[in-house]
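Chemist:
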Amino acid sequence: MIQPSRGLVVAAWLCLAFATMASRVPLNQTDVWLHLAFGTQWLDRGRLDPADITPIALPGAPGLNSYWLSQAAIAWAWTKGGVAGIQALHAAAIAIRLLAVAMLLKACGCADRRLVLVMVVTVGLAIGHAPVFRPQVLAELWAAPLLVLVLWPGIAWWPWLASGAFLGAWALFHGSFLVGVALVLAAATGRALAGSHRARRLMPLGGGLLALGIAGALAVGLHPSGWNALADTLAMGANRAVRLQDEWQPLMANRSAVSKLLWVASLFWWAWAMAMAARRGHFPWACVAVGLPLALAPLWHQRFLVWWYLAAPILVARAFPPGEPREEETELAAWQGWLGIGTGLAAAIALCGPAMAWTNALADESLMAPATPHAIAKALRGAVQPMHSNQPGGRIFVSESLGDYLAWSLGPRAPALLHSHVHLLPPEHYDACLTIKWARPGWDRQLAAWGADLVLVEAMFHPRLRDGLASHPDWIILRDDTPVANLDPRAKMLLAIRREGSFAKVHNLMAVDPASTAPQGSPDP
943 MIQPSRGLVV AAWLCLAFAT MASRVPLNQT DVWLHLAFGT QWLDRGRLDP ADITPIALPG
1003 APGLNSYWLS QAAIAWAWTK GGVAGIQALH AAAIAIRLLA VAMLLKACGC ADRRLVLVMV
1063 VTVGLAIGHA PVFRPQVLAE LWAAPLLVLV LWPGIAWWPW LASGAFLGAW ALFHGSFLVG
1123 VALVLAAATG RALAGSHRAR RLMPLGGGLL ALGIAGALAV GLHPSGWNAL ADTLAMGANR
1183 AVRLQDEWQP LMANRSAVSK LLWVASLFWW AWAMAMAARR GHFPWACVAV GLPLALAPLW
1243 HQRFLVWWYL AAPILVARAF PPGEPREEET ELAAWQGWLG IGTGLAAAIA LCGPAMAWTN
1303 ALADESLMAP ATPHAIAKAL RGAVQPMHSN QPGGRIFVSE SLGDYLAWSL GPRAPALLHS
1363 HVHLLPPEHY DACLTIKWAR PGWDRQLAAW GADLVLVEAM FHPRLRDGLA SHPDWIILRD
1423 DTPVANLDPR AKMLLAIRRE GSFAKVHNLM AVDPASTAPQ GSPDP
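Residue 1196 in the numbering used here sits at position 254 of the sequence shown; the count goes up by one each step and never skips.
#1: Does DSSP classify S947 as helix, strand or coil?
#2: Closer than 6 angstroms by C-beta to H1224: which residues in its own chain qualify, once you throw out the five before and the five after it? Chain order, please.
#3: Quick one: measure Cβ to Cβ for G1117 and G949, integer angstroms, because I've assumed they're closer than 8 angstroms.
#4: In three-state terms, what does DSSP make of E1082?
#5: Hey, could you find the ends of the alpha helix (DSSP H) D1373 is sitting in?
#6: Alpha carbon to alpha carbon, what distance is there between H1243 and L1193?
#7: Within the chosen definition, does the region 1208 to 1222 reach the region 1250 to 1260 through at least 3 CB pairs nearer than 8 angstroms?
#8: Pick helix, strand or coil for A999, following the three-state DSSP scheme.
#9: In terms of residues, what are the limits of the beta strand (DSSP E) holding F1339?
#10: Would G1179 pass as a contact of W1212 if the rule is Cβ separation under 7 angstroms?
#11: Hey, L1040 and C957 are a contact pair by Cβ (cut 8 angstroms); roughly how many whole angstroms apart?
#12: Over the uninterrupted beta strand (DSSP E) stretch that includes A1183, give me the two end residues.
#13: So, are the CB atoms of G1353 and D1395 less than 7 angstroms apart?
#14: Tell me which same chain residues have a C-beta within less than 8 angstroms of the C-beta of A1401, skipping the five on either side of it?
#15: Spell out the partners DSSP gives A1418 in its beta bridges.
#16: Return the first residue and the last residue of the alpha helix (DSSP H) that L1475 is part of.
#17: Please look up how many angstroms separate the CB atoms of G1168 and G1106, rounded, as I've assumed it's under 8 angstroms.
#18: Who are the near neighbours of Q1131 in its chain, counting only those whose CB is closer than 6 angstroms to its CB and skipping five residues on each side?
#19: Excluding the 5 residues preceding and the 5 following A1215 in the sequence, name in chain order all residues of the same chain whose CB lies nearer than 6 angstroms to its CB.
#20: According to the neighbour-count rule (16 or more other Cβ atoms, all chains shown, within 10 Å of its Cβ), is W1277 buried or exposed?
#21: Give me, in chain order, the residues of the same chain whose beta-carbon lies closer than 6 angstroms to that of A1471; leave out the 5 immediate sequence neighbours on both sides.
#22: At what residues does the beta strand (DSSP E) containing D1395 begin and finish?
#23: Does the structure place the region 1052 to 1070 close enough to the region 1093 to 1109 that three or more beta carbon pairs sit under 8 angstroms?
#24: Excluding five sequence neighbours on each side, which residues of the same chain lie with their C-beta closer than 6 angstroms to the C-beta of A1313?
#25: Under 7 angstroms, do D1346 and H1365 count as touching if we go by C-beta distance?
#26: Tell me, please, whether the CB atom of D1174 is closer than 7 angstroms to any CB atom in chain D?
#27: Sort W1094, T1285, H1071 and A1228 by Cα distance to S1201 and report the nearest one.
#28: Rounding to the nearest angstrom, what Cα-Cα distance links P1405 and I1028 in this structure?
#29: With DSSP as the reference, label L1093 as helix, strand or coil.
#30: Would G981 pass as a contact of Q1013 if the rule is Cβ separation under 7 angstroms?
#31: Kindly confirm or deny that the region 1409 to 1417 and the region 1379 to 1386 touch, where touching means at least three C-beta pairs closer than 8 angstroms.
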């Protein structure tokens, strides 16, 4: 039973304020768009046909189905409200996750002062990644309550049943469910070590196996890959192109000192809390068993930082017995507490970005990140449709962060050679793209070999390619935003076409400002 208190109301308002802030962040220009394209296929066909969107895709690529329910949810949100619909889904996922954690911790007996502190730290650690929408945000919706449930005090069975259902849902939404499997096993082991007699040792182990069994049944029964979901996810993680991405590198390879300092600070905070709990005669075995490997995992892949930042505040809250510290709680009447939370929810809905977008009938383009190449996509769509015999047929070389939008917008009519879903690309193709991207020797031959007649990349991030195109006799640069002041570096575009290529006569490209926000609408079917 959750007893409303001032601390819970304050924590709820904090969670809702953060979700409202996230709903006002422009929709990022990268992988969400290809997820949207795939999600539309899930809704329309009940299966994925990647070749109909990105013909370069490798048939049977690993991890193809790893995000299927997230992708379907994104596509459903798009049908209901365009970009604002996706932003509403984003805000709802953040709000539900944070509110669920706050209420579950309160139900576990977390005192007001500690609850507010934990939620402040939770929001602080999430600021760096949560406002950027990607399917992982939907995975966190299941992951955070799951962790609270597997650390639930006492020997009741229902938390293990619920955690199994949450883990199964996680597996349907995102391939990171393997982290959830590890959380369940670690928590069960830690709670078994903390048991004072045989029953208390065996019960957590049985509960952990029960949770995994329920999750496995859900995954096998509902996941498109069935029994192969686990092997498919592991194969994607082992993909060479995936492992070359920045987020898969060790944390110490990150050039940002802020990332390292924040990790160290969170690690010391967690360790201090574990030591304080142990000094009070209550060694938090489960919190240590879960936290220690998760805290060190970013040294292997910095992608684990997201899961560590999600888990650390919960582990600190659960390290102490229910009711500590024993300060006087400021309880409220049930109607007062829920009225306070409901008022905060109503205010969040009224002030969120999607509500303002729908009220003011804002165009989708005004809600996108400035780096989204919607203007160039509009110009190209006008050039390649209707399907005339003399339409441009060339391919587009584009950076990973811009390729997803063009793949969604243009599809196979003007295929993008590169996008952020690198695990879908054949190895030799990805190697060729890296040669072009970094202007290594032979980059121009690779462009010709893969039929690329147009190049669109961020000018500031590809100086060698910019210089190579500028000096190459076969290419002409139509736009270079490098000298433009007061423009986000990610929005400074470099647009070039082959002089005798498929796009040479597309005159409307000459006037295109890729960073503009001219109305565009949704892509043609």
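Glycine included, C-beta positions come from ideal geometry on N, C-alpha and C.
These figures come from a predicted structure and were not determined experimentally.
Modeler: To lay it out plainly:
#1: strand
#2: P1263
#3: The pair is not a contact, with the Cβ atoms about 36 angstroms apart (cut-off 8 angstroms).
#4: helix
#5: P1369 to K1379
#6: 6 angstroms
#7: yes
#8: coil
#9: R1337 to V1340
#10: no
#11: 4 angstroms
#12: From DSSP, A1183 is part of no beta strand (DSSP E) but of the alpha helix (DSSP H) over R1182 to R1185.
#13: no
#14: R1408, D1422, D1423, T1424, K1434, M1435 and L1436
#15: Reading off the sequence, residue 1418 comes out as Ile, not Ala. In the DSSP output, where bridge partners are listed per residue, I1418 has I1439.
#16: What is shown of the chain runs 943 to 1467, which leaves residue 1475 out entirely.
#17: G1168 to G1106, Cβ: 18 angstroms. No contact.
#18: Looking at the sequence itself, residue 1131 is Thr, so the reference to Gln does not match. Here the set comprises A1231.
#19: V1258 and A1261
#20: exposed
#21: The chain is shown only over 943 to 1467; residue 1471 falls outside these bounds and no answer can be derived.
#22: A1394 to E1400
#23: no
#24: Q971, R1432 and A1433
#25: no
#26: You won't find chain D in this structure, because it holds only one protein chain.
#27: H1071
#28: 34 angstroms
#29: coil
#30: yes
#31: yes
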